[in-house]
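Trainee: So in this note's numbering, spot 37 of the sequence shown is number 214, and the numbers just go up one at a time.
All C-beta atoms in this analysis are idealised placements derived from N, C-alpha and C, irrespective of residue type, glycine included.
These numbers come from a predicted model, not from an experiment.
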Amino acid sequence: MPRTVLRRIGTALLLGALAGPGLAAEGPRLIVSLKPGASAQAASAALPADLPPRLGLRLLGPAGAGQMAVQGAPGQDAAALMQALAADPAVASVQLDRPAKRHALPNDPRLLSGGSLGPAIGQWYLRAPNATQVSAIDAVRGWDLSQGGSLSSSVIVAVLDSGIRFEHPDLAGKLLPGYDFIGDTGIAVDGDGRDADASDPGDFTVDGDPNGCGAAPSSWHGTQVAGLIGAATDNGAGMAGAGWNLRVLPLRVLGRCVGFQSDIVAAMRWAAGLPVDGLPANLHPAKVLNLSLGSEGACDAVYQQAIDAVRARGVVVVASVGNSNGRAVTSPANCRGVIAVGGLRHNGRKVGFSDVGPEVTLSAPAGNCENLSGACLYPLSTTTDTGLQGPMASSYTGDGADATLGTSFGTPLVAATAGLVLTLQPGLSPDEVRSVLQGSARPFPAGGTACVAPGNFDQLECRCTPSTCGAGMLDLGAALSLASRTVPGGADSGGGGGGGAGSLPWLLALAAAVLAAGRARRAG
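This is the structure in structure tokens:
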């Protein structure tokens, strides 16, 4: 960068851009690209000793071809400095000299060693996608952008489910007290009504259950969902939660065999911080609700009113579409404003059990086996308990326990992503979060027979389309990258795509404002 260029830059800086003449390591660092003919090597020439202090700008050294790194003074506004530099006729462009760091790879063994143990044990679904595990959500890349902040201040995700096993070591420190909303003692199992104990006592059933369920061991469904969102990450044990530092608020709404809508909508309102008659105030309001549950039929007024009420408080509602082999999306996932999650195989195709329809927002890994013998190949390994009826010992699915399969388990991956998006941009509305998720989704793989409208029950594996499986495959890394560039209030509230004003970088918006103000001053 020739000295004449530096003098012109210095003049512009002194006319109003600099906060002070001193130099410090915390001053903004920029990369200046020179136009053809301006040699970057010239910038390494010796400068008069008084020039950098006098201009409040110093040269750090060459960067790429025709590029130099410079640093401003402490407290210097980066956007104003960029504007001043860009105004010089010898400068082609200016950008931030971005810091780099090692990729955040947690030390949880199931994430690290799954490659050697096989996907049945490892967390294949959190890794970067590859030719085999096409639907993996690339959480590791996303964690470089946000790990959810600190535990004390992170976003809360409410899990409306069967309750939780609080003693599981991989959920230690991640769980808030929660609440038990089951008022019907016939399905409650714990022998009482609504209370402040969200523990899951087990939901095993026997033949002849009056609610229509056959004999089945306890599912520990809520504990499995909670682990996918909030298992303790980077603790050297067990698994990693997709939400890293996100906290989980367990709300018990599912008992033996079933749960009832009245309990679910009460829990939704309470989770969002809305008052519920007869219950204490929720001291830990959630920003995201995970509903891995549903009922057949269209969305009704009771569900829609509850959803509208919590969304009005800025709460994102995420729900599973159902597991009826290609039937219509269940309620509440088919309600207006809900982020409805379909299920994918590891290869990016629709998994056979996932329901389909135009209400699906996007799809995520839901687990599949693909093999006829041996351990299920591609489950979603997560936290559970070994008890067949009541709790016995903390464990994980995928190593002797039943495989974790279902749209219930793709949903918490989306809920965790939504929570991390809100840690980056807490001002986003539910519709803007939806736009980020859809706009960052990866396209479904091409080829094969396309999935068809709901009602065709012979869709064991089919090619997803926007009308059946939503906007694409969940990509946590891409979602956080897009969120980091999204201006609240500018995203497409219609829920489609990720472009437009919603993807305007904060820095460029600020720089544009500074430039406009300068033009106004000159015009005046």
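#1: Residue 360 and residue 375 - do their beta-carbons sit closer together than 7 Å?
#2: Identify, in the order they occur along the chain, each residue of the same chain with its Cβ nearer than 8 Å to the Cβ of residue 415, setting aside the five sequence neighbours on each side.
#3: Would you identify the three-state DSSP class for residue 568, choosing helix, strand or coil?
#4: Are the CB atoms of residue 500 and residue 536 nearer to each other than 7 Å?
#5: Is residue 348 helix, strand or coil by DSSP?
#6: Tell me the DSSP secondary structure of residue 585 in three-state form.
#7: Any idea if residue 377 is buried or exposed, counting beta-carbon neighbours within 10 angstroms, 16 or more meaning buried?
#8: Judging by CA-CA distance, which residue of 303, 289, 384, 310 is the nearest neighbour of residue 654?
#9: How is residue 469 classed by DSSP in three states: helix, strand or coil?
#10: If distances are taken between C-alpha atoms only, which option among 237, 309, 239, 204 comes closest to residue 258?
#11: Does the structure place the region 480 to 490 close enough to the region 536 to 555 that three or more beta carbon pairs sit under 8 Å?
#12: Looking at the structure shown, is residue 660 part of a helix, part of a strand, or coil, going by DSSP?
#13: Buried or exposed: which applies to residue 645, given that a residue is buried once 16 or more other Cβ atoms fall within 10 Å of its Cβ?
#14: By the DSSP assignment, the alpha helix (DSSP H) with residue 611 in it spans what residues?
#15: What residue does the alpha helix (DSSP H) around residue 406 start on, and which one ends it?
#16: By a C-beta neighbour count over all protein chains shown, 10 Å radius and 16 as the cutoff for buried, is residue 562 buried or exposed?
#17: Using C-beta distances below 6 Å, list every residue in its chain close to residue 594, excluding the 5 sequence neighbours before and after it, in chain order.
#18: Pull up the distance between the alpha-carbon of residue 611 and that of residue 235, whole angstroms please.
#19: May I have the straight-line CA-CA distance separating residue 424 from residue 403, to the nearest angstrom?
#20: Mapping DSSP to helix, strand and coil, what is residue 362?
#21: The alpha helix (DSSP H) with residue 260 in it runs from where to where?
#22: Could you tell me whether the region 380 to 392 touches the region 423 to 441, using the rule of 3 or more Cβ pairs below 8 Å?
#23: Would residue 309 be called buried (16 or more neighbouring beta carbons within 10 Å of its own) or exposed?
#24: Indicate the three-state DSSP secondary structure (helix, strand or coil) for residue 436 in the structure shown.
#25: Once DSSP output is grouped into helix, strand and coil, what is the label at residue 332?
#26: Run through DSSP, which three-state label would residue 304 get?
#27: Nearest-angstrom Cα distance between residue 558 and residue 299?
#28: I'd like to check one pair, residue 336 with residue 175: are the Cβ atoms closer than 7 Å?
#29: If you measure between the beta carbons of residue 581 and residue 525, is that distance less than 7 Å?
#30: Would you be able to state if there are at least three C-beta pairs under 8 Å between the region 490 to 498 and the region 587 to 601?
#31: CA-CA distance, residue 406 and residue 333?
#32: Using 10 angstroms around the beta-carbon of residue 388, count the other beta-carbons present and answer buried if the total reaches 16, otherwise exposed.
#33: In angstroms with no decimal places, state the Cα-to-Cα distance between residue 210 and residue 399.
#34: Alpha carbons only, please: which of 452, 340, 386, 651 is nearest the one belonging to residue 468?
#35: If you draw a straight line from the alpha carbon of residue 305 to that of residue 270, how long is it in whole angstroms?
#36: Taking the alpha-carbon of residue 246 as reference, which of 606, 273, 254, 330 has the nearest alpha-carbon?
Mentor: Let me spell this out:
#1: Looking up residue 375 in the sequence shown gives position 198. Looking up residue 360 in the sequence shown gives position 183. In this structure, residue 360 does not lie closer than 7 Å to residue 375 by Cβ.
#2: Position 238 of the sequence shown, counting from 1, holds the residue named residue 415. For residue 415, where only same-chain residues beyond five positions count, the Cβ hits under 8 Å are 285, 286, 287, 346, 347, 408, 409, 560, 573.
#3: Here residue 568 is taken as the residue at index 391 of the sequence shown, counted from 1. In this structure, residue 568 counts as coil in the three-state DSSP scheme.
#4: Locating residue 500 in the sequence shown gives position 323, where the first residue counts as 1. Locating residue 536 in the sequence shown gives position 359, where the first residue counts as 1. Against a cut-off of 7 Å, the Cβ pair of residue 536 and residue 500 comes out as no contact.
#5: For the purposes of this step, residue 348 is taken as the residue at position 171 of the sequence shown. Residue 348: helix per DSSP, three-state reduction.
#6: Translated into positions along the sequence shown, residue 585 becomes position 408. Of the three classes helix, strand and coil, the one that applies to residue 585 here is helix, per DSSP.
#7: Counting from one through the sequence shown, the residue named residue 377 turns up at place 200. Classification for residue 377: buried.
#8: Start at 1 with the first residue of the sequence shown, and residue 654 comes out as number 477. For the residues 303, 289, 384, 310, the minimum Cα distance to residue 654 belongs to 303.
#9: Walking along the sequence shown from the start, residue 469 turns up at place 292. Here residue 469 sits in coil by DSSP.
#10: To locate residue 258, count along the sequence shown from 1; it is residue 81. Comparing Cα-Cα distances from residue 258 to each of 237, 309, 239, 204, the minimum goes to 204.
#11: no
#12: If you number the sequence shown from 1, residue 660 lands on position 483. Three-state DSSP puts residue 660 in a helix.
#13: In the sequence shown, the residue the question calls residue 645 occupies position 468. Buried, because 16 or more other Cβ atoms sit within 10 Å of the Cβ of residue 645.
#14: Within the sequence shown, the letter at position 434 stands for residue 611. Note, residue 611: alpha helix (DSSP H), 607 to 616.
#15: The residue given as residue 406 occupies position 229 in the sequence shown. Where residue 406 is concerned, the enclosing alpha helix (DSSP H) stretches over 398 to 407.
#16: If you number the sequence shown from 1, residue 562 lands on position 385. By the neighbour-count rule (16 or more Cβ atoms within 10 Å), residue 562 is buried.
#17: Reading the sequence shown from its first residue, position 417 is the one you call residue 594. These residues qualify, in order along the chain: 653, 656.
#18: The residue given as residue 611 occupies position 434 in the sequence shown. The residue given as residue 235 occupies position 58 in the sequence shown. Rounded to whole angstroms, residue 611 to residue 235 spans 44 Å at the Cα level.
#19: For the purposes of this step, residue 424 is taken as residue 247 along the sequence shown, with counting starting at 1. For the purposes of this step, residue 403 is taken as residue 226 along the sequence shown, with counting starting at 1. Spanning the two alpha carbons is a distance of roughly 9 Å.
#20: Translated into positions along the sequence shown, residue 362 becomes position 185. Helix.
#21: Within the sequence shown, the letter at position 83 stands for residue 260. 255 to 263 is the span of the alpha helix (DSSP H), which, as asked, contains residue 260.
#22: With the cut-off at 8 Å, the region 380 to 392 and the region 423 to 441 touch.
#23: Position 132 of the sequence shown holds residue 309. Flag for residue 309 reads exposed.
#24: Along the sequence shown, one-based indexing puts residue 436 at 259. Three-state DSSP puts residue 436 in a strand.
#25: Taking the first residue of the sequence shown as position 1, residue 332 is located at position 155. Of the three classes helix, strand and coil, the one that applies to residue 332 here is coil, per DSSP.
#26: On the sequence shown, residue 304 is found 127 positions in, with the first residue counted as 1. In the displayed model, residue 304 falls within coil according to three-state DSSP, outside both helix and strand.
#27: For the purposes of this step, residue 558 is taken as the residue at position 381 of the sequence shown. For the purposes of this step, residue 299 is taken as the residue at position 122 of the sequence shown. The alpha-carbon atoms of residue 558 and residue 299 are separated by roughly 7 Å.
#28: Summary: the structure shown does not reach residue 175, with the chain confined to residues 178 through 701, and so no result is reported for it.
#29: Walking along the sequence shown from the start, residue 581 turns up at place 404. Walking along the sequence shown from the start, residue 525 turns up at place 348. No, they are not a contact pair.
#30: yes
#31: By 1-based counting over the sequence shown, the position of residue 406 is 229. By 1-based counting over the sequence shown, the position of residue 333 is 156. So the two alpha carbons sit approximately 10 Å from each other.
#32: The residue given as residue 388 occupies position 211 in the sequence shown. Classification of residue 388: exposed, given that the 10 Å Cβ count is below 16.
#33: Counting from 1 along the sequence shown, the entry for residue 210 is found at position 33. Counting from 1 along the sequence shown, the entry for residue 399 is found at position 222. Residue 210 and residue 399 have their C-alpha atoms spaced approximately 54 Å apart.
#34: Locating residue 468 in the sequence shown gives position 291, where the first residue counts as 1. Nearest to residue 468 by alpha-carbon distance, out of 452, 340, 386, 651, is 340.
#35: For the purposes of this step, residue 305 is taken as the residue at position 128 of the sequence shown. For the purposes of this step, residue 270 is taken as the residue at position 93 of the sequence shown. Cα to Cα, the separation comes out at about 33 Å.
#36: By one-based count along the sequence shown, residue 246 stands at place 69. That would be 273, whose Cα lies nearest to the Cα of residue 246.
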